[in-house]
Structure formats: structure tokens, C-alpha cells
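Trainee: Per full-length UniProt numbering, the very first residue in the sequence shown carries number 1; after that it's consecutive.
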Amino acid sequence: MEWARRLIPRSIAAQLMSLVALSELIGITLAAAIIIFLFDSPSINDTQKFLAGRVAELTQLLRFAKAPGDADELLAAARRGGLDVRRVALGELVPRAAGEMRSFSMRGYRQLAAEPGIELLEELRHPAGSSSQVVVKLDDGHALMADVAVKGGFWSFMLRPAAAGAIIVLISMLLLSVYAVRWVIAPLADVARATTSFGRSPRAPEVLRRRGPREIAQVADALNDMRTRIAALLDDRTRMLAAISHDLRTPLTRLRLRSERVGDDTLRPAMLGDIAKMTRMINETLEYLRDDARSEAVTCIDLPSFLQTICSEFADTGYAVSYAGPARLPYACRPRALSRAVTNIVENAVKHGSTITVALRPTTSDHIEIEVADDGPGIAPALRDKVFEPFFKADSARQGSGGFGLGLSIALDIAKRHGGSIELKPRQPSGLLVSMLLPPEPVLV
């Protein structure tokens with residue numbers, strides 16, 4: 001049932017607190033049921049006999065009170081004890097109506113009338129009192145009016161105290177569970193944040209703090225060990241490829257020098273072109289593997305001027321690249337890395353289109369959009385995610401440019417390190433829109 005699933009809390013903290021509250025509620029309910037079945041509540045007659053004794057005792061005390069203030073203190077004390085009593089003048093009493101029901105049981109009346117010195121005025125009542133009042137004569141001018149109705153019955157005896165106790169226990173347990181849950185959940189939240197940070201930057205020096213229950217501490221140790229081993233593997237891979245690339249450059253240089261001395265004018269340009277292509281492949285591969293963007297300092301730049309400079313560099317070499325957007329927008333970033341990302345996107349556009357527009361749009365308070373639009377053949381929807389994979393080329397229409405399929409991969413990696421992303425969208429009637437979405441304040445990793 002879908003509606004039942006929606007009632008289940010999503011977070012671990014809410015689920016644990018709900019389980020604690022539910023278990024306490026079940027325990028209190030069972031305890032109340034056991035008490036109900038094992039213990040009897042006092043009967044109404046027993047309660048009224050108890051009230052009769054209290055009224056008789058108060059009557060005797062009032063008769064012996066010498067000062068008016070003493071009587072008032074006695075009445076106030078009785079009211080604080082739960083007995084509704086009042087000292088009234090005899091002249092204020094009126095006869096009871098015919099057929100008026102007395103809520104005080106006959107046993108209670110007999111008990112009160114049997115007390116020594118008690119004169120019960122059964123046929124009289126006070127107009128301000130309820131039908132369950134009894135009136136006892138104090139002296140020639142005054143009487144004691146007492147409301148002796150048994151209120152609440154079983155609810156007063158059992159359910160109301162049990163409900164109050166249950167509420168107190170639930171609140172206490174929930175307050176304790178909040179602390180206990182935070183003690184368990186806080187380390188899990190640290191693990192989640194560290195895992196996310198590790199996914200963005202495996203070489204980050206941050207170490208997950210070991211705290212919380214033993215199992216969570218073991219997860220933290222395992223994550224720290226995995227981070228260390230993966231970072232070491234990445235460093236070994238980069239050093240190995242750098243060494244191979246360095247070793248390849250020397251024979252490639254000798255091969256280029258020898259190729260320049262080849263006498264065949266048809267063969268020599270082809271050989272030099274292949275060597276240049278291999279050199280570019282090695283350089284681009286090293287740029288993709290090099291992790292120097294993170295070490296660059298963050299600087300506040302004027303983003304429109306920044307993009308106009310990139311457009312001007314391409315325009316100076318003969319490409320139709322123009323800028324569209326606001327004239328001024330300060331932005332904090334790593335300028336060299338961001339320039340490299342935008343340049344790679346524009347290079348990809350000029351290879352396949354004749355007219356390119358670099359647009360800057362501060363779309364919302366959540367994103368700043370840098371959009372590069374070309375009028376080339378575009379990319380098939382099924383391949384738009386794959387073009388970000390290293391060394392992947394989309395199709396034959398976009399493969400004749402001599403690239404190696406690393407430009408968009410590098411651009412996406414730099415965008416992610418600024419807390420952003422890149423999206424590919426079709427342009428009408430033809431072409432491709434490459435949209436780089438950056439947060440107003442980049443989360444640099």
C-alpha cells in the first residue's frame with residue numbers, strides 16, 4: 001500500500017525515534033492492561049464513605065475554630081485537598097425541590113449521619129450548589145455545604161494517571177533517544193560526507209574521524225584505508241604514464257629529425273604529420289591525467305571579460321566566435337582551470353561549426369550558465385552521455401577534426417571541481433548547445 005509506505009520515516013534518526021516511541025507506548029499500554037485486570041478500582045460506595053468521613057472531620061474542626069480566620073484556613077486546606085466545601089448562612093438555604101435526586105448514596109448518608117455531633121440537613125440546599133451537595137449544620141447561624149459527587153470514576157482512578165505517566169515517560173524517552181540517535185547518526189553523516197568528497201576528489205587529504213559505535217568506527221577505518229590505497233594507485237598510474245610519455249618523447253624527436261631528412265616529398269609530410277599527431281596525443285593524455293587544477297588558488301574574476309578574452313583569442317585566428325551576455329559579473333573560481341574548460345568546449349565547437357556563440361546567463365540564484373552554441377551537425381541523443389568518456393568520439397560527422405576525445409572529459413572534470421555540471425542539448429535548426437552550469441559560489445574540491 002503506497003499510503004502506508006509514505007507514513008514510514010525516511011531517515012534513520014526518525015525511524016529509530018519512532019521505534020523507541022512505539023515500543024514505549026506498547027509497554028505502557030500492556031502495563032496499564034495488567035493493572036486493570038489485576039487490581040480493582042475503588043467502588044463508588046467506598047469513595048462516598050471516605051468523603052463522608054472527611055466532611056464529618058471538617059465539621060468538627062470548624063466548630064472548634066475560635067477565630068474566623070482559622071475557619072477560612074481550614075476551608076482553604078480542604079479545597080486544596082480536593083473537597084469542594086463552603087461555609088454558608090442558614091438563612092441562605094432553600095428547600096430541596098420535590099423529586100430532586102441525591103447523588104450521595106444511602107450508605108454515605110448513614111455514614112455521615114452516624115458521626116457524633118453531625119446534624120444533617122437533608123431537606124435543605126444552597127442555591128449556588130449542585131444537586132450533589134450535602135448540608136451539615138455548624139451552629140445556630142451557619143452550615144457547611146459540601147459537594148460530594150464522585151467525579152471521574154475509573155478514569156480518575158486509573159486512566160488519567162496512566163495517561164499522564166505515559167506522556168511523561170514518552171517525552172523523557174524521546175529526549176534521551178534524540179541524544180542516543182545523534183550519537184549513532186552523526187558518525188554516519190560523516191561517513192556519507194567523506195564518501196561524497198572521496199568520489200569527487202580521491203586525493204583529498206581529509207581523513208574520516210573515528211568515532212561512534214564500534215561498527216561505524218570500523219567503517220571509518222575501512223574508508224580511510226580504501227582512500228589511501230586508491231590515491232596510491234592513482235599516483236602510481238600517473239607516474240607510470242608520465243614516465244612512459246617522457247621516454248617516448250626522445251625517440252619521437254629523433255624520428256621527427258630523421259623524417260625531415262627523408263628525400264621523398266610525398267612521404268615526408270605524411271610521416272611528420274603522424275609524428276605530430278602522436279605528440280599531441282601524448283600531451284593531451286598527460287593534461288587529462290595531470291591533477292594541477294586543485295592546486296590553483298581561487299581568484300575573483302570578471303566573468304564577462306574572462307569569456308570575451310577567450311572569444312577574442314579564437315577570433316584572432318580566424319574563427320567566428322562571439323560573446324553574448326552581461327557586461328559585468330564578478331565570480332570566484334580557479335581561472336586557469338576554468339579557462340581550460342571553456343577553451344576545450346569552444347575548440348570542440350569550432351571544429352564542427354562555422355559560427356559559435358559563447359553566452360553567459362545568470363539564470364537563477366542557484367546557477368550561472370555558460371552556453372557555447374555551434375551550427376554544426378550536432379550529436380545523436382544516445383551519444384550525449386558517452387562523449388564525456390575519455391577518448392570517445394561521437395560519430396563520423398564529428399571525427400574528422402583530429403581530436404582525441406579528451407576535451408569534453410577535461411571540461412566536465414573541471415566543472416565538477418567547481419561544484420557544477422555540463423549538459424548537451426540540441427540546437428535548432430542544427431547544431432549543439434553545450435551548457436556549463438556553475439553555482440554562484442563554487443564548492444571547490
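We put the beta carbon where it would ideally sit given N, CA and C, even for glycine.
None of these values were measured; they are calculated from a predicted model.
Can you find at least 3 beta carbon pairs, one from the region 241-261 and one from the region 276-286, that sit closer than 8 Å?
Mentor: yes
Trainee: According to DSSP, Q308 sits in a beta bridge with which residue or residues?
Mentor: Sequence index remark: in the sequence shown, residue 308 carries index 308 (1-based). The partner list for Q308 (beta bridge, DSSP) is empty, contrary to what the question assumes.
Trainee: Is there contact between the region 122-131 and the region 68-80, where contact requires at least three CB pairs shorter than 8 Å?
Mentor: no
Trainee: Could you pull the DSSP bridge partners for A56 from this structure?
Mentor: What you label residue 56 is simply residue 56 of the sequence shown in a count that begins at 1. Partner(s): none; A56 has no beta bridge.
Trainee: Measure the Cβ-Cβ separation of A373 and I345 and say whether it is below 8 Å.
Mentor: To locate residue 373, count along the sequence shown from 1; it is residue 373. To locate residue 345, count along the sequence shown from 1; it is residue 345. Contact flag unset, no.
Trainee: Please go through the same chain and pick out, in chain order, the residues whose beta-carbon is closer than 8 Å to the beta-carbon of I368, but skip the five residues on each side of it.
Mentor: For the purposes of this step, residue 368 is identified with residue 368 of the sequence shown, where counting begins at 1. Hits under 8 Å: L303, L329, Y331, L360, R361, P362, L437, L438, P439, P440.
Trainee: Nearest-angstrom Cα distance between D265 and G431?
Mentor: One-based indexing of the sequence shown puts residue 265 at position 265. One-based indexing of the sequence shown puts residue 431 at position 431. If I take the Cα positions, the gap works out to 39 Å.
Trainee: Specify the secondary structure class of E123 as computed by DSSP and reduced to three states.
Mentor: Here the question's residue 123 lines up with position 123 in the sequence shown. If DSSP states are grouped into helix, strand and coil, E123 belongs with coil.
Trainee: Helix, strand or coil: how does DSSP classify L424 here?
Mentor: Taking the sequence shown and counting its residues from 1, the one referred to as residue 424 is at position 424. L424: strand per DSSP, three-state reduction.
Trainee: Can you give me the Cβ contacts of S409 inside the same chain, cut-off strictly under 6 Å, excluding the 5 residues immediately before and after it?
Mentor: Position 409 of the sequence shown, counted from the start, is the residue given in the question as residue 409. Shown here for S409: same chain residues with a beta carbon closer than 6 Å to its own, the five before and five after excluded, namely F388, P390 in chain order.
Trainee: Would you identify the three-state DSSP class for K66, choosing helix, strand or coil?
Mentor: For the purposes of this step, residue 66 is identified with residue 66 of the sequence shown, where counting begins at 1. Three-state DSSP puts K66 in coil, outside helix and strand.
Trainee: Just to confirm my understanding: we take M173, look at its own chain, exclude 5 residues before and 5 after, and list those with CB closer than 8 Å. What are they?
Mentor: As a first step, residue 173 must be located in the sequence shown, where it is residue number 173. Once the five neighbours on either side are set aside, the close Cβ partners of M173 are V20, A21, E24.
Trainee: Answer with buried or exposed for E371, where buried requires no fewer than 16 other C-beta atoms within 10 angstroms of its C-beta.
Mentor: The residue you call residue 371 lines up with position 371 of the sequence shown. E371 is buried by the Cβ-count criterion.
Trainee: Ignore the nearest five residues each way along the sequence and tell me which others in P381's own chain have a CB closer than 6 Å to its CB.
Mentor: For the purposes of this step, residue 381 is identified with residue 381 of the sequence shown, where counting begins at 1. No residues qualify anywhere along the chain.
Trainee: Going by C-alpha to C-alpha distance, which of G419, K277, A166 sits closest to T29?
Mentor: Translated into positions along the sequence shown, residue 29 becomes position 29. If we check each option's Cα against that of T29, A166 comes out closest.
Trainee: Can you check which of these residues, T196, L61, V191, D225, is closest to P213 by C-alpha distance?
Mentor: As a position in the sequence shown, residue 213 is number 213, starting the count at 1. The residue with the shortest Cα to Cα distance from P213 is V191.
Trainee: Take G141 and list the residues in its own chain whose beta-carbon comes closer than 7 Å to its own, dropping the five residues that flank it on each side.
Mentor: As a working note, residue 141 is residue 141 in the sequence shown. So the qualifying residues of the chain are A89, L90.
Trainee: How is the alpha helix (DSSP H) around A341 delimited, first residue to last?
Mentor: Translated into positions along the sequence shown, residue 341 becomes position 341. That run of the alpha helix (DSSP H) goes 335-352.
Trainee: If we ignore side chains and look at the alpha-carbon of each, how far apart do G353 and K425 end up?
Mentor: Along the sequence shown, read from residue 1 onward, the residue named residue 353 stands at position 353. Along the sequence shown, read from residue 1 onward, the residue named residue 425 stands at position 425. Answer to the nearest angstrom: the Cα atoms are 15 Å apart.
Trainee: Taking a contact to mean a Cβ-Cβ separation below 8 Å, would you say L51 touches A65 in this structure?
Mentor: Stepping through the sequence shown from its first residue, residue 51 is reached at position 51. Stepping through the sequence shown from its first residue, residue 65 is reached at position 65. Inclusion of L51 and A65 in the CB contact set at 8 Å is not warranted, their separation being larger than that value.
Trainee: Assuming contact is defined by CB atoms lying nearer than 8 Å, are A337 and I414 in contact in what I supplied?
Mentor: The residue labelled residue 337 in the question sits at position 337 within the sequence shown. The residue labelled residue 414 in the question sits at position 414 within the sequence shown. In contact: A337 and I414 (Cβ atoms closer than 8 Å).
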